[in-house]
Amino acid sequence: MRKLLFLPLLLLAACSAATRYNVNVDVLSFVPQNQRTLSIPSGSFTGFAPGSNFEGQAVSVPVALDIVERGRILLQASVTNTGATPMTGSVELRLAPASDTNLVDNNGGDIGLGNTNVNIPPGQTQTLVIDLTLSSSQNQNAFNIVKTGNFRVGVRAGFNSNGGNLVLNEARIILTGRPFAFLR
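So the number in our numbering is just where the residue sits in the sequence shown, counting from 1, plus 6.
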């Protein structure tokens with residue numbers, strides 16, 4: 007009987023204003039398998055993935071949080087140089103509101119983050135990691151886009167090479183916040 011008296015107290019504590027949720031969204035699961043690889047032709051090349059029209063991938067966070075306190079974006083890709091000369095270039099994460107269908111024109115709210123340069127010897131593969139913290143004080147524009155719960159994401163890549171490929175291996179967005187708020 008005594009244990010039953012403590013049950014409401016435990017339930018109340020589990021739903022307190024201090025409760026934080028971590029929402030871990032596997033963005034790559036939204037991307038069709040055939041759009042996770044970008045073929046890099048010989049010469050100077052600028053490409054975008056996923057999609058061919060720079061629209062990126064629409065993402066909806068499955069859990070609504072009244073207050074989003076911080077976030078994190080993690081992108082991991084591998085770039086392979088299949089040519090006979092060194093491959094140079096850069097990879098940039100692109101993020102935009104859901105209504106923006108061109109993630110590379112710098113109109114409609116799209117932004118670039120985590121620009122990473124590559125210099126890959128012939129026949130080698132380099133793993134790229136873009137790991138960004140989002141908050142009201144770090145990458146604030148990206149934080150404001152992601153905390154809406156509906157947005158678009160993509161990767162812009164530019165290379166000079168004799169050929170190769172870029173493979174998206176992991177893409178995650180992690181949000182930390184409260185499921186309800188008494189005071190905002």
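Beta carbons are placed, not taken as given, at the ideal position from N, Cα and C, and that holds for glycine. Computed from a predicted structure; not experimentally measured.
CB of glycine 170 to nearest heavy atom of the ligand PLP: below 6 Å?
Among the ligands in the structure shown, none appear at all, so the ligand PLP cannot be discussed.
Short of 8 Å in beta carbon distance, which residues of its chain neighbour proline 38, apart from the five on each side in sequence? Order them along the chain.
Position 32 of the sequence shown, counted from the start, is the residue given in the question as residue 38. Within its own chain, the residues whose Cβ lies closer than 8 Å to the Cβ of proline 38, once the five positions on either side in sequence are excluded, are Pro56, listed in chain order.
Just the Cα atoms here: how many angstroms apart are serine 84 and leucine 101?
As a working note, residue 84 is residue 78 in the sequence shown. As a working note, residue 101 is residue 95 in the sequence shown. Distance between serine 84 and leucine 101, taken at the CA atoms: about 20 Å.
Taking the alpha carbon of proline 68 as the point to measure from, which residue in Leu134, Thr91, Pro127 and Val33 has its own alpha carbon closest?
For the purposes of this step, residue 68 is identified with residue 62 of the sequence shown, where counting begins at 1. If you compare the alpha carbons of Leu134, Thr91, Pro127 and Val33 with that of proline 68, the shortest gap goes to Val33.
Isoleucine 5 and methionine 93: beta carbons closer than 7 Å?
Since the first and last residues shown for the chain are 7 and 190, residue 5 lies out of range.
By the 10 Å Cβ neighbour count, where 16 or more other Cβ atoms means buried, how is glycine 129 classified, buried or exposed?
Residue numbering aside, residue 129 sits at position 123 when the sequence shown is read from its first letter. Its Cβ having fewer than 16 others within 10 Å, glycine 129 is exposed.
Backbone secondary structure at leucine 189 - three-state DSSP:
Position 183 of the sequence shown, counted from the start, is the residue given in the question as residue 189. Note that leucine 189 scores a pLDDT of 49, beneath 50, so its modelled location is shaky; the value from the coordinates is reported in the next line. Coil at leucine 189, not helix or strand.
Apart from the five residues on each side of it in sequence, which residues of its chain come closer than 6 Å, Cβ to Cβ, to leucine 172?
Residue mapping note: residue 172 aligns to position 166 of the sequence shown, counting from 1. Correct list, in chain order: Leu44, Ala83, Val85 and Ala163.
Between Ser58, Ser143, Thr91 and Ser167, which has its C-alpha nearest arginine 76's C-alpha?
Here residue 76 refers to the residue found at position 70 of the sequence shown. Nearest to arginine 76 by C-alpha distance, out of Ser58, Ser143, Thr91 and Ser167, is Ser143.
Compute the beta-carbon to beta-carbon distance between isoleucine 79 and leucine 140, rounded to the nearest angstrom, for a pair I have assumed lies under 8 Å.
The residue you call residue 79 lines up with position 73 of the sequence shown. The residue you call residue 140 lines up with position 134 of the sequence shown. At roughly 7 Å, the Cβ-Cβ gap stays under 8 Å, so isoleucine 79 and leucine 140 are in contact.
What three-state label does DSSP hand glutamine 132 in the structure shown?
To locate residue 132, count along the sequence shown from 1; it is residue 126. Collapsing the DSSP output to three states places glutamine 132 in a strand.
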